[in-house]
Amino acid sequence: MAEIVGVFAASHTPVMLNFPGLIAEGDLAEVQAGFAELGRRIAACRAQAIVVISDDHMHNFFLDNLPAFAIGAAEGYETPIEAWLKADKRVLPGDPVLGAYLVGEAYEAGFDPALSLNLTLDHGTLTPLELAGVDRTTPIVPVLVNCVQPPLPTMRRCLELGGFLGRALRVYTGVDRVAVLATGGLSHDVGTPRMGLVNEAFDRGFLNHLGGGDAAALLDFATRQVNEAGNGAEEVRMWLTAHGIAGPGGLDVIYYKGLPDWYAGIGVAQWRLET
Amino acid sequence: MAEIVGVFAASHTPVMLNFPGLIAEGDLAEVQAGFAELGRRIAACRAQAIVVISDDHMHNFFLDNLPAFAIGAAEGYETPIEAWLKADKRVLPGDPVLGAYLVGEAYEAGFDPALSLNLTLDHGTLTPLELAGVDRTTPIVPVLVNCVQPPLPTMRRCLELGGFLGRALRVYTGVDRVAVLATGGLSHDVGTPRMGLVNEAFDRGFLNHLGGGDAAALLDFATRQVNEAGNGAEEVRMWLTAHGIAGPGGLDVIYYKGLPDWYAGIGVAQWRLET
Amino acid sequence: MSRNWVQAIPSPEAYWINRVLYDTQHKPAEMARFDADPAAYCRDMPLTEAAKAHLAGPDIGQLYLAGANPYLLRAHCLHLRIPEADYLGALRAVAEDPAGG
Amino acid sequence: MSRNWVQAIPSPEAYWINRVLYDTQHKPAEMARFDADPAAYCRDMPLTEAAKAHLAGPDIGQLYLAGANPYLLRAHCLHLRIPEADYLGALRAVAEDPAGG
Ligand SMILES: [Fe+3]
Ligand SMILES: [Fe+3]
């Protein structure tokens with residue numbers, strides 16, 4: 431039976447890699463330190479696989495066949511798909527057995543994710559791995575949640591998906607140690623008239639709810655307030671999925687600051703796991 | 431609130447249109463009469479929209495993004511996608527409002543179908559409409575269930591999807607009268623060493639279970655026996671979805687015969703709706 | 816109250832706008848054809864006349880209001896090398912509440 | 816006991832076999848290139864050597880056993896105008912139980 435050895439979340443944005451210097455030097459040092467600490471903690475997990483929960487920014491998926499959830503079961507994933515992203519072209523190793531297991535268990539448990547045997551992953555998955563310096567040989571399983579084009583899965587359903595993933599991972603016998611990294615959010619806008627605004631009140635409220643034990647209040651907050659926090663804040667769905675995996679043990683916020691010049695509220699956090 | 435004015439199911443196979451004369455003349459007359467009766471009953475429904483539940487035979491969907499369930503919300507659907515199918519190229523009118531409603535309600539109700547705004551439908555959806563002579567102006571909403579490439583959604587989940595669809599349709603206010611047509615099955619093999627075999631015992635057992643009131647027995651039968659009935663028999667998932675919509679009021683089998691020269695057990699049926 | 820999305824589901828017009836944005840970004844031959852003559856590229860697509868004009872412009876604000884996916888539209892503008900200030904200005908010009916609320 | 820499927824999920828080899836079958840059926844230019852020289856078409860794909868040989872043959876039975884999707888494989892054989900009896904014979908020749916059970 432696998433142990434979930436760490437559940438983490440971090441914001442992602444292409445600006446992190448393309449134009450890090452847009453923010454003040456002190457801020458850059460702090461946010462880089464936050465991601466470095468994330469990297470140290472992930473490394474300390476000695477995970478044999480990392481479930482990376484992110485979204486596809488209209489690269490692999492389009493309106494002809496737009497999945498609410500998709501799970502990858504490939505041997506590897508080319509990345510990044512964005513020609514303009516300042517990152518090495520490389521292949522993230524996959525764990526096809528764990529990916530296939532999660533799809534099959536999802537179908538048994540009343541979830542309907544799409545299966546993907548071929549994804550070229552985008553900055554959503556890649557940038558936090560890059561910034562945190564995550565070991566390039568640890569296999570990943572991508573879980574993709576639609577946050578970029580309505581109709582979107584509900585906040586509640588994303589939390590429930592996490593509950594399922596947690597149960598399925600804990601009885602998986604293929605590896606002993608699994609980590610989880612959710613990426614995206616917090617408040618930001620991409621391609622809207624509000625682009626450049628962040629909403630620190632939303633972000634701090636959301637992080638507080640993740641740290642507390644009241645799932646109903648968490649869902650209510652996310653569902654009602656997300657329209658005040660920007661279309662990029664729809665990506666808190668990934669944090670909710672991670673929360674569903676980790677359970678209500680509390681949240682350790684490694685870093686948070688609203689960084690309008692990076693167009694986003696940037697958070698890095700780790701859940702405290704009940705033992 | 432919409433009334434569900436008819437729930438039907440019929441087998442589909444390209445052979446119906448391409449090589450109808452492969453079966454004996456008497457059989458052909460009987461099966462054509464069965465589809466004609468289906469057409470008369472559908473016409474008598476005076477439905478303002480038809481939810482057509484079928485599968486995509488690896489045309490619109492591939493392993494890069496293979497949905498368990500997909501719902502169409504387009505204004506129209508070109509068909510057929512198969513160049514070799516003997517059918518007029520035409521556009522099936524869609525009901526985009528009803529399609530969008532069903533996707534949104536599915537997400538609220540704990541189902542995760544993919545959204546599709548552009549599908550070129552294949553013989554699965556088209557052939558029963560053609561053979562039954564369904565009015566070409568009635569808008570459809572395609573619901574596509576993966577039956578052609580494992581991992582497949584469970585039989586249970588397909589029945590549950592039907593339960594959801596029935597509840598959502600009955601409270602829909604956009605039209606007054608909705609019909610449902612499920613297509614696919616019954617026993618047959620496509621592209622396997624068993625191709626050409628049919629399993630009448632399976633087919634009659636399955637039809638009997640649909641007519642009875644025991645959902646657990648129905649699911650148990652379908653789940654355990656499908657491997658004796660061929661990979662094409664995986665398409666009984668669509669019949670289960672229709673059964674979930676209709677409820678356990680009983681089944682009126684309009685036509686059934688195993689037709690090995692059409693490579694399939696061909697069934698045409700209508701559910702008796704509880705009023 | 817502010818809203819994150821212009822449309823709850825893409826309209827038929829928005830579908831085809833997004834189809835142009837998606838295809839050009841993901842198929843180099845399509846992008847080359849678009850770049851050579853945007854108006855010609857759009858002519859044979861089932862786009863509304865308004866959408867053809869907005870894409871050929873481009874009129875970023877009107878594309879946004881018509882339901883262009885914000886991620887696809889942003890990547891399109893990056894490809895066109897539209898200066899960031901112009902891009903943001905075009906979006907802000909169509910905001911309901913110019914304060915951004 | 817008989818089973819409907821060779822694989823519970825496509826193996827990496829099966830993925831690429833199916834990719835060839837899918838792409839050629841759905842993209843006329845790919846089909847033309849395949850038809851002109853199947854071996855050359857397969858050469859640059861990340862296929863196993865065995866899969867390349869089975870596709871170039873074609874060896875219908877071996878493709879089936881390797882996890883080719885039965886629907887894609889059938890359509891491929893229809894495109895190649897393989898006589899129905901030969902197609903069925905090739906499949907039956909690899910059946911575990913030739914009686915079809
Ligand atoms: Fe993002
Ligand atoms: Fe079929």
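Chains as they are written, first to last, in the numbering used here: chain A, 431 to 705; chain B, 431 to 705; chain C, 816 to 916; chain D, 816 to 916.
Ideal Cβ positions, reconstructed from N, Cα and C, are used throughout, including at glycine.
For clarity, every value in this text was computed on a predicted model and none was experimentally measured.
Starting from the beta carbon of residue i, find every residue of chain B whose beta carbon is closer than 8 Å, and list them in chain order.
i, result
"residue 824 of chain D", "580, 581"
"residue 587 of chain A", "537, 540, 542"
Helix or strand or just coil, what does DSSP make of residue i?
i, result
"residue 527 of chain A", "helix"
"residue 669 of chain A", "helix"
"residue 832 of chain D", "helix"
"residue 867 of chain D", "helix"
"residue 888 of chain D", "helix"
"residue 873 of chain C", "coil"
"residue 840 of chain D", "helix"
"residue 818 of chain C", "coil"
"residue 511 of chain B", "coil"
"residue 607 of chain B", "strand"
"residue 584 of chain A", "coil"
"residue 566 of chain B", "coil"
"residue 898 of chain C", "coil"
"residue 708 of chain A", "Residue coverage of chain A in this structure runs from 431 to 705, which leaves residue 708 of chain A outside it and unanswerable."
"residue 555 of chain B", "helix"
"residue 572 of chain A", "strand"
"residue 505 of chain B", "coil"
"residue 908 of chain D", "coil"
"residue 532 of chain B", "helix"
"residue 916 of chain C", "Note on residue 916 of chain C: pLDDT 41, under 50, position unreliable in the model; no value is reported."
"residue 658 of chain B", "helix"
"residue 445 of chain A", "helix"
Which residues in chain A sit within 8 Å of residue i, going by Cβ to Cβ distance?
i, result
"residue 862 of chain C", "Those do not exist, as residue 862 of chain C stays about 15 Å from chain A at its closest Cβ, beyond 8 Å."
"residue 557 of chain B", "By Cβ distance, chain A contributes nothing, its closest Cβ being about 23 Å from residue 557 of chain B, past 8 Å."
Is residue i near ligand 2, going by C-beta to nearest heavy atom under 8 Å?
i, result
"residue 615 of chain A", "no"
"residue 620 of chain B", "yes"
"residue 509 of chain B", "no"
"residue 662 of chain B", "yes"
"residue 716 of chain B", "Residue 716 of chain B is absent from the model: chain B starts at 431 and stops at 705."
Taking 8 Å as the line, does the beta carbon of residue i fall inside it for any heavy atom of ligand 1?
i, result
"residue 578 of chain A", "yes"
"residue 443 of chain A", "yes"
"residue 487 of chain A", "yes"
"residue 695 of chain A", "no"
"residue 502 of chain B", "no"
"residue 626 of chain A", "no"
"residue 554 of chain A", "yes"
"residue 560 of chain A", "no"
"residue 505 of chain A", "no"
If you measure from the beta carbon of residue i to each beta carbon in chain G, is any gap under 9 Å?
i, result
"residue 665 of chain B", "Although the question refers to chain G, the structure presented lacks it and instead comprises the protein chains A, B, C and D."
So which residues on chain C does residue i lean against when the C-beta distance must stay under 8 Å?
i, result
"residue 625 of chain A", "903, 906"
"residue 620 of chain A", "885, 886, 889"
So with CB distances below 9 Å, who are the chain B contacts of residue i?
i, result
"residue 654 of chain A", "Here the premise fails: no neighbours, minimum Cβ distance about 15 Å."
Anything in chain C within Cβ reach of residue i, meaning under 7 Å, just list it in chain order.
i, result
"residue 658 of chain A", "817"
"residue 661 of chain A", "819, 820, 885"
I want to verify the contact list: residues of chain D whose CB lies under 7 Å from the CB of residue i, in sequence order.
i, result
"residue 530 of chain A", "824"
Along chain A, in chain order, which residues have C-beta atoms closer than 7 Å to that of residue i?
i, result
"residue 910 of chain C", "623"
Which bits of chain C does residue i rub up against, with CB to CB less than 9 Å?
i, result
"residue 601 of chain A", "By Cβ distance, chain C contributes nothing, its closest Cβ being about 36 Å from residue 601 of chain A, past 9 Å."
Please list, in chain order, the chain B residues whose beta carbon lies closer than 7 Å to that of residue i.
i, result
"residue 584 of chain A", "537, 538"
Give me the subset of the stretch 534 to 554 of chain B whose CB atoms are less than 8 Å from a CB atom of chain D, sorted by chain position.
Here the close residues number zero.
_With three or more C-beta pairs closer than 8 Å as the rule, is the stretch 446 to 466 of chain A touching the stretch 633 to 640 of chain A?_
When Cβ pairs closer than 8 Å are counted between the two stretches, the stretch 633 to 640 of chain A is seen not to touch the stretch 446 to 466 of chain A, the count staying below three.
Any residues in the stretch 483 to 500 of chain B with a beta carbon nearer than 8 Å to a beta carbon of chain A? Which ones, in chain order?
Listed by position along the chain: 490, 491, 493, 494, 495, 496, 497, 498, 499, 500.
Note to self: For the stretch 499 to 521 of chain B, list every residue whose C-beta sits within 7 Å of some C-beta in chain C, in sequence order.
What the structure shows: Result list: 503, 505.
contact_flag[the stretch 557 to 569 of chain B, the stretch 579 to 592 of chain B] where n(CB pairs < 8 Å) is 3 or more: Cβ pair count under 8 Å is below three, so no.
inquiry  = Pairs of beta-carbons, one from the stretch 618 to 627 of chain A and one from the stretch 900 to 912 of chain C, closer than 8 Å: are there three or more?
reply    = Using a C-beta cut-off of 8 Å, the stretch 618 to 627 of chain A makes contact with the stretch 900 to 912 of chain C, since at least three inter-stretch Cβ pairs fall below that distance.
Looking at chain A, which residues of the stretch 877 to 897 of chain C have a Cβ within less than 9 Å of any of its Cβ atoms? In summary, the residues of the stretch 877 to 897 of chain C whose CB is separated from some CB of chain A by less than 9 Å are 879, 883, 884, 885, 886, 887, 888, 889, 890, 892, 893, 894, in the order they occur in the chain.
(request) Take every Cβ of the stretch 469 to 487 of chain A, pair it with every Cβ of the stretch 533 to 542 of chain A, and state whether three or more of those distances are shorter than 8 Å. (result) The stretch 469 to 487 of chain A is not in contact with the stretch 533 to 542 of chain A.
For the stretch 606 to 614 of chain A against the stretch 869 to 885 of chain C, do three or more pairs of beta-carbon atoms, one drawn from each stretch, fall closer than 8 Å, so that the two count as touching? Taking a cut-off of 8 Å on C-beta distances, the stretch 606 to 614 of chain A does not touch the stretch 869 to 885 of chain C, as fewer than three cross pairs fall below it.
To be precise: take each residue of the stretch 824 to 856 of chain C, compare its Cβ to all Cβ atoms of chain B, and keep it if any distance is under 7 Å. Which residues remain? Contacts with chain B (Cβ-Cβ distance below 7 Å) from the stretch 824 to 856 of chain C involve 824, 825, 827, 830, listed in chain order.
* Is the stretch 481 to 492 of chain B in contact with the stretch 537 to 557 of chain B, if contact means three or more CB pairs nearer than 8 Å? -> Segments in contact, yes.
ask   = Counting Cβ pairs closer than 8 Å, one from the stretch 520 to 530 of chain A and one from the stretch 588 to 597 of chain A, do we hit at least three?
value = Flag = no, the stretch 520 to 530 of chain A and the stretch 588 to 597 of chain A do not touch.
Exercise for the section: Could you name the residues of the stretch 436 to 468 of chain A whose beta carbon sits closer than 8 Å to any beta carbon of chain B, in the order they occur along the chain? Expected result: Here the close residues number zero.
**Report entry** Validate contact between the stretch 507 to 519 of chain A and the stretch 849 to 857 of chain C using beta carbons, cut 8 Å, 3 pairs
**Finding:** Touching, no, given that fewer than three Cβ pairs across the two stretches are closer than 8 Å.
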